[in-house]
Amino acid sequence: MAERVRVLLSEAEVDAKIQEIGEQISRDYAGKQVHLVCVLKGGSFFMCELAKRITVPVSLDFMSVSSYGSETKSSGVVKIVKDLDEPLKGKDVIVIEDIVDSGRTLSYLLEMLRKREPNSLALCTLLDKPERRVIDVKVDYTGFNIPDEFVVGYGLDYDQRYRNLPYIGVVEFN
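Here my numbering is used: the first residue of the sequence shown is 288, the next is one more, and so on.
In structure tokens, the structure reads:
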């Protein structure tokens with residue numbers, strides 16, 4: 288089955304939104320340091336661009352959590368592939384995600400991170416699909432609410448392809 292990618296959000300739109308989120312986080316955390324926790328692999332493109340736009344001190348860590356495999360819908364099974372390198376206790380933590388979909392993965396992840404006693408814990412996502420939500424998850428910073436379509440680009444993939452697209456596109460199957 289062949290597929291094609293249709294542009295949903297242009298590179299310029301994504302760039303402008305990331306700048307806006309960076310400014311908001313900088314205001315919200317004025318006088319503090321933020322510890323960004325990137326959910327790999329998809330969140331890496333977004334986190335790198337966002338970190339450059341945050342004006343308060345920033346530290347970074349990475350975590351890999353899997354719930355998709357090679358499918359286009361969440362399996363509901365959450366697996367920690369790579370845990371954090373640094374403790375979170377006493378830190379102002381913002382989890383950086385590429386997309387919030389069903390909420391299953393993020394609900395599990397946030398609960399696990401809360402037990403590590405951060406000073407504060409927030410969630411920032413580039414994309415949100417609220418109509419797909421199965422478990423309620425509070426998103427503190429959202430780039431775009433998008434329709435229930437399978438998206439790629441800017442770190443999001445379909446079977447490890449299309450991550451490097453500089454825009455957000457919709458995969459359409461022929």
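Glycine included, C-beta positions come from ideal geometry on N, C-alpha and C.
task: Return the chain-ordered list of same chain residues with a C-beta closer than 7 Å to the C-beta of residue 319, the five sequence neighbours on each side being excluded.
output: For the purposes of this step, residue 319 is taken as residue 32 along the sequence shown, with counting starting at 1. If we look at residue 319 and ignore the five residues flanking it on each side, its Cβ neighbours are 343, 379.
task: Quick one: residues in its chain with C-beta nearer than 6 Å to the C-beta of residue 327, no 5 flanking neighbours on either side, listed in chain order?
output: As a working mapping, residue 327 is identified with position 40 in the sequence shown. 349, 351, listed in sequence order.
message: Output needed for residue 313: all residues of its chain with C-beta closer than 7 Å, excluding positions within five of it in sequence on either side, in chain order.
response: For the purposes of this step, residue 313 is taken as the residue at position 26 of the sequence shown. So the list reads 341, 342, 343, once near-sequence residues are dropped.
task: Would you mind reading off the limits of the alpha helix (DSSP H) that contains residue 331?
output: Walking along the sequence shown from the start, residue 331 turns up at place 44. 330-340 is the span of the alpha helix (DSSP H), which, as asked, contains residue 331.
task: Excluding the 5 residues preceding and the 5 following residue 369 in the sequence, name in chain order all residues of the same chain whose CB lies nearer than 8 Å to its CB.
output: Taking the first residue of the sequence shown as 1, we reach residue 369 at position 82. 327, 349, 350, 351.
query: Bridge partners of residue 348, per DSSP?
result: Translated into positions along the sequence shown, residue 348 becomes position 61. In the DSSP output, where bridge partners are listed per residue, residue 348 has 324.
Which residues DSSP lists as bridging residue 431, in chain order: In the sequence shown, counting from the first residue as 1, residue 431 sits at position 144. Answer is 414.
message: Tell me the residue span of the beta strand (DSSP E) that contains residue 295.
response: Within the sequence shown, the letter at position 8 stands for residue 295. Judged by DSSP secondary structure, residue 295 falls within the beta strand (DSSP E) whose first and last residues are 290-296.
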